[in-house]
Amino acid sequence: MSTSTPARAAGATADFLDTRIGASKLVKEFARKIFPDHWSFLLGEIALYSFIVLLLSGTFLTMFFVPSMAEIHYPEDALPVTMQGVQMSEAFASTLKLSFAVKGGLLMRQIHHWAALMFMAAIVTHMLRIFFTGAFRKPRELNWIVGFLLMVLGLVAGFTGYSLPDDVLSGNGLRITDGITKGVPIIGSYASFLIFGGEFPGVDIIPRMFTAHILVVPGLILALVAVHLMLVVVHKHTQYPGPGRTNKNVVGFPLFPVYMAKAGGFFFIVFGVLALMGATMSINAVWNYGPYDPSPVSAGAQPDWYMLFLEGSLRMMPGQAEFVVGGFTVPLNVIIPAMIVPGILLGALALYPFIEAIATGDKREHHVLDRPRNVPFRTAFGVAVLAELIMLALAGSNDLIATHFSLSINDITNTFRVLFFVLPVVTFWITKRICLGLQRRDREIVLHGRETGTIIRMATGEYVEVHKPLDDFERWTLVGYEAPRPREIEPAEDSRGVRRKGYRLDSFKAALSRVFYEDRIEPVTPAELAAAHSHGEHDMLPGGTDNVEPTALAGSGQDTGHTS
Amino acid sequence: MSSKQTPAQGAGVGVRGRDSGTLERFENPGLHPHKPRQADINASAAKRAERQAVTLFAISALASVGAVVGYFMIPLDQTVASVRLSNLTLGVGLGLGMLGFGLAAVHWAKTLMSDVERIDERHDQRGSDETRAEAVQLLKDGAADSGIARRPLLKGAVVGALALAPLPFIVPLVGNLGGDWDVSKLRHTAWRKGRRLAIDPTDTPIRAADVTVGSIFSVMPEGLSEEEHYLEEKAKAVVVLVRVDPRELDENAEHADWAYDGILAFSKICTHVGCPVALYEQQTHHLLCPCHQSTFDVTDGAKVVFGPAKRPLPQLPIAVDDEGYLVAQGDFDEPVGPSFWERLK
């Protein structure tokens with residue numbers, strides 16, 4: 001048998017690689033590796049692909065951007081007209097040149113900025129997916145932490161990035177950073193000097209942020225992304241509950257060729273969408289703001305969306321919290337909103353997997369995801385934190401709310417101050433009730449089947465709606481979960497009345513566990529289903545024709561002319 | 001029926017009751033039977049899917065070529081319109097080139113590649129007991145080879161030297177980062193006795209007579225833009241100048257003599273986190289910081305009436321020189337801007 005030339009060349013290449021790096025073993029291990037399929041698994045991919053787009057477009061930008069705060073006058077013959085002759089830093093001037101005199105420069109700037117917003121949005125929604133489906137449970141707690149760090153690094157990358165053009169909008173953002181830094185007790189003014197190389201604004205901050213933005217932070221992100229993905233391979237991907245899915249398998253399609261095409265293609269889709277956004281949607285047109293100057297500021301100024309929660313936190317804090325002790329000033333009106341509130345919210349998020357593990361007392365591995373309704377406490381907690389963050393972001397836009405809806409800024413701010421405490425409680429409670437309600441609904445459906453909209457009249461004259469029972473596959477999705485019970489602890493004293501060591505810790509764990517799992521709905525058992533069948537027979541008529549001859553039929557959407 | 005035993009089992013495993021013989025939990029029914037797609041059973045549907053994918057690839061290729069042609073055909077000729085057109089051409093070309101390719105690949109995968117679900121086994125992360133024992137033994141052997149347990153002095157020396165080794169890197173780095181570390185600069189601004197107030201940014205000195213009631217100026221020390229560290233000085237020295245009806249002011253206020261005939265000068269740097277307090281509400285005499293909405297009442301010593309700031313804006317004492325120009329009586333009597341630990345020391 002003769003082989004074609006390409007096939008021979010491929011064979012030779014394969015042999016070359018295998019004899020040098022053992023490629024056949026890698027192919028054997030990974031080529032047909034199975035990944036499960038679900039749209040929500042694409043969120044993390046969007047983050048990853050946005051990051052690649054950021055690296056590509058960012059590299060383009062570094063070719064032309066000058067990270068210098070040296071003051072120059074913008075040329076009289078260069079676009080835009082409004083900036084001609086204006087005194088500005090080289091950073092700002094090179095941003096203008098990049099936008100107006102470099103072909104494709106404006107496009108790359110806009111793609112870069114949109115990609116940064118998309119990157120953070122994808123990270124946050126990906127985190128929400130992980131959180132609400134319980135994908136962070138053992139063995140993935142460490143990867144949750146890696147992801148959390150990536151989110152924080154994303155914030156830093158975004159902030160250092162949009163501050164680079166040295167425009168008046170981002171400059172005021174830096175000034176706020178300076179003000180917050182100065183508020184740190186004892187070391188505040190030194191910390192400010194440390195960041196700015198002396199007094200604000202100085203001439204060092206742009207080059208320093210440039211190094212952080214193009215080297216340190218992306219380097220860390222790249223390293224952590226590698227760890228993040230490596231751990232996904234080690235753990236194998238989680239899967240949604242469903243027929244055939246267990247904690248011992250992974251069901252889906254092979255990497256080659258299906259995910260090569262789907263995930264690979266998706267990179268191009270993300271890039272394409274970002275490119276179209278950069279082509280058609282103007283973003284951060286810095287020439288409208290002007291170069292940084294410590295005196296002007298624009299009204300309605302806002303940071304990029306992922307920093308809004310911090311801005312809102314700062315805005316709604318009442319000033320009275322600042323105090324002086326022993327002659328030293330402690331500006332709690334800055335420390336609480338800028339450090340303590342985000343610290344608590346983000347800290348709770350980062351540590352949540354470990355807190356839940358204590359409450360559950362569960363040491364098993366979990367690879368099948370939870371449906372959010374089946375974990376009411378977690379879902380409610382997540383929604384409460386999310387609602388708080390959204391509320392803070394809205395508070396960061398209180399001036400825009402005021403101008404757009406002609407409301408008093410003071411009333412809005414005061415409302416947010418109340419909501420800060422009320423909203424998490426209310427959203428927690430409502431979400432938990434919704435979850436429990438949905439679980440009860442699932443039980444109903446399993447026990448009595450789905451409503452068909454078909455009404456039949458029994459021989460006795462009674463009208464009933466026909467319920468269609470679930471098949472085994474449908475049913476499994478609704479009953480294949482566990483409802484953890486609160487931990488039970490051994491008594492404080494043993495049989496001889498000796499106080500047990502570790503009792504207090506155990507009782508703390510039990511109390512935490514009660515908070516998590518006191519309210520729960522157990523999945524339907526086969527016995528319950530059998531019981532429902534036997535006493536509620538008329539509810540379960542398959543198709544409505546087997547046992548009882550219908551005397552009248554009125555389908556909901558297809559009334560065929562029967563009138564009573 | 002004991003329900004306590006269920007949590008020990010993995011989800012997806014039916015648990016049989018001990019004596020009843022009935023299931024306590026449902027059993028996982030296994031994979032849903034595969035449902036073939038149109039393209040699996042209908043050759044013309046498969047052909048159609050192939051044509052659709054090829055069309056998308058073709059759109060992608062055309063768009064990519066179009067963008068490159070646009071790069072060479074559209075010059076940037078010093079008009080905003082040319083910048084716009086170039087941006088749009090390159091962006092739409094790049095976007096469609098990418099999008100077409102991606103959609104084609106995904107369409108191919110979804111319609112023509114096998115969608116029969118396959119199963120991989122999972123294995124616990126935990127190593128087997130033998131592996132663990134082996135690992136422990138290896139570590140023990142290694143530790144024994146190193147002799148660290150028998151030589152405590154060596155242990156201490158390693159830790160000590162390792163802790164100190166980074167210092168020659170860290171100390172110069174941190175030491176240089178803060179410049180001259182002279183934080184006392186935060187206490188002073190460029191205002192001196194007799195220094196004229198000038199309009200920002202034109203640097204024109206201001207006559208008291210030219211300031212009408214109800215007006216507001218952004219002000220800096222005259223000639224500041226020619227000085228060294230202009231931006232740093234400006235960041236501290238900017239002032240808002242307002243004139244109110246003198247009857248609105250309390251004549252017996254502590255610093256009544258810091259104003260001149262209803263003309264008041266306050267630091268423009270917010271005492272919250274340092275944004276410029278740039279908005280003035282003439283009717284209420286309120287200065288408003290656009291960043292976090294701290295509101296200051298200029299007729300009441302710029303005290304805070306709302307928002308996250310605690311302290312009033314520092315007031316610059318002003319007077320009028322022989323030629324009728326506004327001048328400072330001296331520097332602010334407190335540090336301007338956001339609070340810091342030692343600001344009152």
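For the record, the sequence lines run as chains A and P.
Per the working numbering: the first sequence ends with 564, consecutive numbering throughout.
Per the working numbering: the second sequence ends with 345, consecutive numbering throughout.
For every residue, glycine included, the Cβ atom is placed at its ideal position computed from N, Cα and C.
Bear in mind the structure is a predicted one, so any value in this text is a computation, not a measurement.
Interface residues of chain A around residue i at Cβ under 8 Å?
| i | result |
| --- | --- |
| P/Asp-129 | Going along chain A, no residue has its Cβ under 8 Å from P/Asp-129, so there is no contact; the nearest lies around 16 Å. |
| P/Tyr-71 | Lys-103 and Gly-104 |
Secondary structure at residue i, three-state DSSP: helix, strand or coil?
| i | result |
| --- | --- |
| A/Glu-141 | helix |
| P/Phe-72 | helix |
| A/Val-88 | The question names Val, but residue 88 of chain A is Met in the sequence shown. Three-state DSSP puts A/Met-88 in a strand. |
| A/Leu-222 | helix |
| P/Ala-165 | coil |
| A/Thr-607 | Here chain A comprises residues numbered 1 to 564, so residue 607 of chain A is not present and cannot be evaluated. |
| P/Gln-52 | helix |
| A/Ser-24 | helix |
| P/Asp-120 | strand |
| A/Thr-62 | helix |
| A/Ile-335 | helix |
Measure the alpha-carbon distance for residue i versus residue j and round it to whole angstroms.
| i | j | result |
| --- | --- | --- |
| A/Phe-381 | A/Leu-314 | 24 Å |
| A/Ser-94 | P/Gly-179 | 26 Å |
| A/Ala-212 | A/Phe-323 | 35 Å |
| P/Arg-343 | A/Ile-206 | 27 Å |
| P/Arg-37 | A/Tyr-240 | 22 Å |
| A/Thr-431 | A/Lys-97 | 51 Å |
| A/Ser-68 | P/Ala-39 | 59 Å |
| A/Glu-90 | A/Phe-428 | 50 Å |
| P/Lys-47 | A/Ala-12 | 34 Å |
| P/Ser-184 | A/Val-334 | 22 Å |
| A/Ile-455 | A/His-467 | 9 Å |
| P/Asp-245 | A/Thr-160 | 46 Å |
| P/Asn-176 | A/Thr-413 | 42 Å |
| P/Ala-319 | P/Glu-248 | 19 Å |
| A/His-235 | P/Met-113 | 26 Å |
| A/Arg-457 | A/Glu-465 | 9 Å |
| A/Thr-133 | A/Phe-35 | 17 Å |
| P/Pro-338 | A/Ser-282 | 34 Å |
So that I know if they touch, is there some Cβ in chain P lying closer than 8 Å to that of residue i?
| i | result |
| --- | --- |
| A/Ala-261 | yes |
| A/Ser-189 | yes |
| A/Ser-295 | yes |
| A/Arg-175 | yes |
| A/Lys-236 | yes |
| A/Asp-178 | yes |
| A/Asp-399 | yes |
| A/Met-120 | no |
| A/Asn-288 | no |
| A/Ala-115 | no |
| A/Phe-268 | yes |
| A/Pro-542 | Low local confidence applies: a pLDDT of 45 at A/Pro-542 is under 50, so the model's placement there is unreliable, and no value is given. |
| A/Gly-85 | no |
| A/Asp-539 | Reliability of the predicted coordinates at A/Asp-539 is poor, the pLDDT of 49 falling under 50, and the value obtained from them is presented with this limitation in mind. Chain P contact via Cβ: absent. |
Does chain A have any CB closer than 8 Å to the CB of residue i?
| i | result |
| --- | --- |
| P/Gly-21 | Interpretation of P/Gly-21 is limited by its pLDDT of 49, a score under 50 that renders its predicted location unreliable; no figure is taken from the coordinates. |
| P/Trp-181 | yes |
| P/Gln-293 | yes |
| P/Trp-341 | yes |
| P/His-272 | yes |
| P/Asp-333 | no |
| P/Asn-87 | yes |
| P/Lys-35 | no |
| P/Phe-234 | Reading off the sequence, residue 234 of chain P comes out as Lys, not Phe. For P/Lys-234, the answer is yes, since a Cβ of chain A falls inside 8 Å of its Cβ. |
Is residue i a contact residue of the ligand MN, with contact defined as CB to any heavy atom under 7 Å?
| i | result |
| --- | --- |
| A/Ser-313 | Looking at this structure, you won't find the ligand MN or any other ligand, since it has none at all. |
Since residue i and residue j are thought to touch, with beta carbons under 8 Å apart, how far apart are those beta carbons, to the nearest angstrom?
| i | j | result |
| --- | --- | --- |
| P/Arg-196 | P/Leu-326 | 7 Å |
| A/Pro-318 | A/Glu-311 | Contact doesn't hold; Cβ gap of about 16 Å is too wide. |
Residues of chain A with CB closer than 7 Å to the CB of residue i, please, in chain order.
| i | result |
| --- | --- |
| P/Ser-218 | Ser-295 |
Check the Cβ of residue i against every Cβ in chain P and list those closer than 8 Å, keeping chain order.
| i | result |
| --- | --- |
| A/Leu-276 | Gly-91, Val-92, Gly-95, Leu-96 and Leu-99 |
| A/Gly-58 | Result: empty, since nearest Cβ-Cβ is about 16 Å, beyond 8 Å. |
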